[in-house]
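J.:
Printed below as a string of structure tokens:
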């Protein structure tokens, strides 16, 4: 499928969502729409694998028979079902019984079957509890099929869901469902729902153009970015992963086989479910990623709470867009936490550096971390100044990139990207002022491809350009008390143009002579007409 067709599929699905959600807000309707897309993806993938597994035994339905081929096979081969499902679990890692496949549910919706809603409820529970292993329990936990927002009675809810599912089935029918196509449509819809959710969207969505900046930076060679992209990243982490778009962008940079394993953590249960679905929709196998539901600041993921340094998770790339200036409760015990002990705790009013230190702890010696933070981390004093100073003196801060204001749905403030390393090659800090390079939009500003390329190019080749990028020595930074405010190092002031007063005077004399001559000519015309001349 071409990029144009992918966009058209996304627009078609968004049109359906916008038309059908009625008075339901974007956040609520998003969960239904995206879950149905996910069911469609799982079903298509499963049926293709089943056809391959059964070969010539895969049946073909007679004309007028609306059953799925798999339903026909199940009915005719009851004694072989258990062995077939065992093989499917081994090869595709999950099973969906025929009555719960998207095509079966969509057919019930098409004919307005009064039992469709019950079938859908059973299907979701089956997938959660029996299709996958325990890693995927609760995948549809936030989908309330009994919600009054769908209708006051079962009949009304069933009718509304039949309408939604039928429209989705019709909308998708004209498009190919090749690998990643539904995944791209899913990403498009997440972006559209984020736009409709406004500030709430900050919990789960990083705009694609910003994701691309981070993902391109962390996939470059960490010691010598000018050498180009790494061929392979063993482990990639996003500890505030939202819907997983940043992680998927990193994978996209290197291709499906360029990342060994993806790790993500998300505290919001709905968004956590979105992330897991998003991974699978983009063809990431369940063995290739781990997404944990929990609080990164409390570090409640056993995988990341390993006290033995030899067993510590070490990631080649870390990307993150944590909540800005998040209020947290730094306890005395956290002060002894292995992530913060050498630096001190971030203040209660802003956990920005707590998030940064959490990620930095799990960065490998050859890795790169890129994190989006508010500008305050560059210059605020107190505990943050102490943390910032140590990071600088330890050689961990590689680059500071200032972005334009109003790029995010969640906030209009300008933000920055900090690039961190544990063993960086350069003994200076690269500052990039990209704040003036964007396309202005009605609600959000946008980075165009040329703006993104300019940022990445300046970072990759560490190029210096007036008013845009500069390499600053640690000596100069220390003279500024480790203040990283970009305007201290890159001047954005426009110099006043020098005025040549003698030239201005000559121009005025010339204009005066022209006025006098024009006035004389005009008075001659007035005299011929018998009219009084101009004074």
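Residue numbers (the working numbering): -15 to 519. For each residue, glycine too, the CB sits at the ideal point set by N, CA and C. None of these values were measured; they are calculated from a predicted model.
1) Following the continuous alpha helix (DSSP H) through residue 8, name the residue where it begins and the one where it ends.
2) What's the call for residue 427, buried or exposed, on a 16-neighbour Cβ count within 10 Å?
3) Ignore the nearest five residues each way along the sequence and tell me which others in residue 482's own chain have a CB closer than 8 angstroms to its CB.
4) Using the DSSP secondary-structure output, state which residues sit across from residue 274 in a beta bridge.
5) Does the pairing of the stretch 189 to 198 with the stretch 272 to 279 give three or more beta-carbon distances under 8 angstroms?
6) Please go through the same chain and pick out, in chain order, the residues whose beta-carbon is closer than 6 angstroms to the beta-carbon of residue 440, but skip the five residues on each side of it.
7) Excluding five sequence neighbours on each side, which residues of the same chain lie with their C-beta closer than 7 angstroms to the C-beta of residue 358?
8) Which residues in the same chain as residue 143 place their Cβ atom closer than 8 angstroms to its Cβ, once the five residues preceding and following it in sequence are excluded?
9) In angstroms with no decimal places, state the Cα-to-Cα distance between residue 496 and residue 386.
10) Quick check on DSSP: helix, strand or coil for residue 252?
11) DSSP beta-bridge partners for residue 204?
12) Who are residue 417's beta bridge partners in DSSP?
13) If you draw a straight line from the C-alpha of residue 5 to the C-alpha of residue 98, how long is it?
14) Looking at the structure shown, is residue 93 part of a helix, part of a strand, or coil, going by DSSP?
15) Going by C-alpha to C-alpha distance, which of 123, 390, 305 and 205 sits closest to residue 190?
16) How far does the beta strand (DSSP E) with residue 268 in it extend, from its first residue to its last?
17) Restricting to runs no shorter than 4 residues, where is the alpha helix (DSSP H) found entirely within the stretch 363 to 412?
18) Considering only their Cβ atoms, is the gap separating residue 115 from residue 79 smaller than 9 angstroms?
19) Under 8 angstroms: do the stretch 213 to 224 and the stretch 235 to 247 share three or more Cβ pairs, one atom per stretch?
20) Report the rounded CA-to-CA distance for residue 153 versus residue 23, giving the unit in angstroms.
21) Pull up the DSSP beta-bridge partners for residue 455, would you.
22) Can you tell me which of 342, 102, 415 and 430 puts its alpha carbon nearest to the alpha carbon of residue 327?
23) Between the alpha carbons of residue 414 and residue 301, how many angstroms are there, rounded?
24) Counting along the chain, where does the beta strand (DSSP E) carrying residue 349 start and finish?
25) DSSP three-state label for residue 79, please.
26) From residue 266 to residue 69, what distance separates their C-alpha atoms?
27) What residue range does the beta strand (DSSP E) around residue 146 cover?
28) Between the beta-carbon of residue 254 and the beta-carbon of residue 126, is there less than 9 angstroms?
29) Taking just the CA atoms, how far does residue 348 sit from residue 30?
30) How long is the line joining the alpha carbons of residue 2 and residue 260, rounded to whole angstroms?
31) Determine the closest residue to residue -7 out of 104, 433, 344 and 156, with distance taken between C-alpha atoms.
32) Do you know how far the Cα of residue 330 is from the Cα of residue 86?
33) Decide if residue 185 is buried, meaning its Cβ has at least 16 other Cβ atoms within 10 Å, or exposed.
34) Skipping 5 residues on each side, what residues in its chain have a beta carbon closer than 8 angstroms to that of residue 520?
35) Assuming residue 391 contacts residue 437 (C-beta within less than 8 angstroms), just tell me the rounded distance between them.
T.: With the given structure in hand:
1) In the chain shown, the residue the question calls residue 8 occupies position 24. First-last for residue 8: undefined, no H or E at that position.
2) By 1-based counting over the chain shown, the position of residue 427 is 443. It counts as exposed.
3) As a position in the chain shown, residue 482 is number 498, starting the count at 1. Around residue 482: no qualifying Cβ.
4) What you label residue 274 is simply residue 290 of the chain shown in a count that begins at 1. Answer is 247.
5) no
6) For the purposes of this step, residue 440 is taken as residue 456 along the chain shown, with counting starting at 1. Counting only Cβ-Cβ distances below 6 angstroms, and skipping sequence neighbours, we find 200.
7) As a working note, residue 358 is residue 374 in the chain shown. Taken in chain order, the residues that qualify are 308, 309, 336, 397 and 399.
8) In the chain shown, the residue the question calls residue 143 occupies position 159. Excluding sequence neighbours, residue 143 sits near 96 and 135.
9) Counted from its first residue, the chain shown places residue 496 at position 512. Counted from its first residue, the chain shown places residue 386 at position 402. Computed Cα separation, rounded: 50 angstroms.
10) What you label residue 252 is simply residue 268 of the chain shown in a count that begins at 1. The answer is coil: DSSP assigns residue 252 none of H, G, I, E or B.
11) Working through the chain shown from its first residue, we reach residue 204 at position 220. DSSP lists 213 as partners of residue 204.
12) Your numbering for residue 417 matches position 433 in the chain shown. In the DSSP output, where bridge partners are listed per residue, residue 417 has 386.
13) Sequence index remark: in the chain shown, residue 5 carries index 21 (1-based). Sequence index remark: in the chain shown, residue 98 carries index 114 (1-based). Rounded to whole angstroms, residue 5 to residue 98 spans 21 angstroms at the Cα level.
14) In the chain shown, counting from the first residue as 1, residue 93 sits at position 109. Residue 93 falls in the helix class under three-state DSSP.
15) Indexing the chain shown from 1 puts residue 190 at position 206. Answer by Cα proximity: 305.
16) Taking the first residue of the chain shown as position 1, residue 268 is located at position 284. Element bounds for residue 268: n/a, residue is neither H nor E.
17) 367 to 377
18) On the chain shown, position 95 is the one that residue 79 refers to. On the chain shown, position 131 is the one that residue 115 refers to. Their beta carbons are under 9 angstroms apart, which means residue 79 touches residue 115 by this criterion.
19) yes
20) The residue given as residue 153 occupies position 169 in the chain shown. The residue given as residue 23 occupies position 39 in the chain shown. If I take the Cα positions, the gap works out to 11 angstroms.
21) Walking along the chain shown from the start, residue 455 turns up at place 471. DSSP, once it has assigned bridges, lists 414 as partnering residue 455.
22) The count along the chain shown starts at 1 and reaches residue 327 at position 343. The candidate whose alpha carbon is nearest that of residue 327 is 342.
23) For the purposes of this step, residue 414 is identified with residue 430 of the chain shown, where counting begins at 1. For the purposes of this step, residue 301 is identified with residue 317 of the chain shown, where counting begins at 1. Rounded to the nearest angstrom, the two C-alpha atoms are 19 angstroms apart.
24) What you label residue 349 is simply residue 365 of the chain shown in a count that begins at 1. Run containing residue 349: 347 to 358, per the beta strand (DSSP E) assignment.
25) As a working mapping, residue 79 is identified with position 95 in the chain shown. Correct three-state label for residue 79: coil.
26) The sequence position of residue 266 within the chain shown is 282, counting from 1. The sequence position of residue 69 within the chain shown is 85, counting from 1. Those two C-alpha atoms are separated by around 24 angstroms.
27) Working through the chain shown from its first residue, we reach residue 146 at position 162. Premise fails: residue 146 lies in the alpha helix (DSSP H), 138 to 157, not in any beta strand (DSSP E).
28) Reading the chain shown from its first residue, position 270 is the one you call residue 254. Reading the chain shown from its first residue, position 142 is the one you call residue 126. Going by C-beta atoms, residue 254 is nearer than 9 angstroms to residue 126.
29) Here residue 30 refers to the residue found at position 46 of the chain shown. Here residue 348 refers to the residue found at position 364 of the chain shown. C-alpha separation (whole angstroms): 37 angstroms.
30) Indexing the chain shown from 1 puts residue 2 at position 18. Indexing the chain shown from 1 puts residue 260 at position 276. Using only the alpha carbons, I get a separation of about 24 angstroms.
31) Within the chain shown, the letter at position 9 stands for residue -7. Taking only the C-alpha atoms, the option nearest residue -7 is 156.
32) As a working note, residue 86 is residue 102 in the chain shown. As a working note, residue 330 is residue 346 in the chain shown. Roughly 48 angstroms separates the two Cα atoms.
33) Counting from one through the chain shown, the residue named residue 185 turns up at place 201. Because the pLDDT of residue 185 is 44, which lies under 50, any placement of that residue in the model is unreliable, and the number read from its coordinates should be weighed accordingly. Buried: at least 16 other Cβ atoms inside 10 Å.
34) Not covered by the structure: residue 520. The range shown for the chain is -15 to 519.
35) If you number the chain shown from 1, residue 391 lands on position 407. If you number the chain shown from 1, residue 437 lands on position 453. Rounded, the Cβ-Cβ distance is 17 angstroms, inconsistent with contact.
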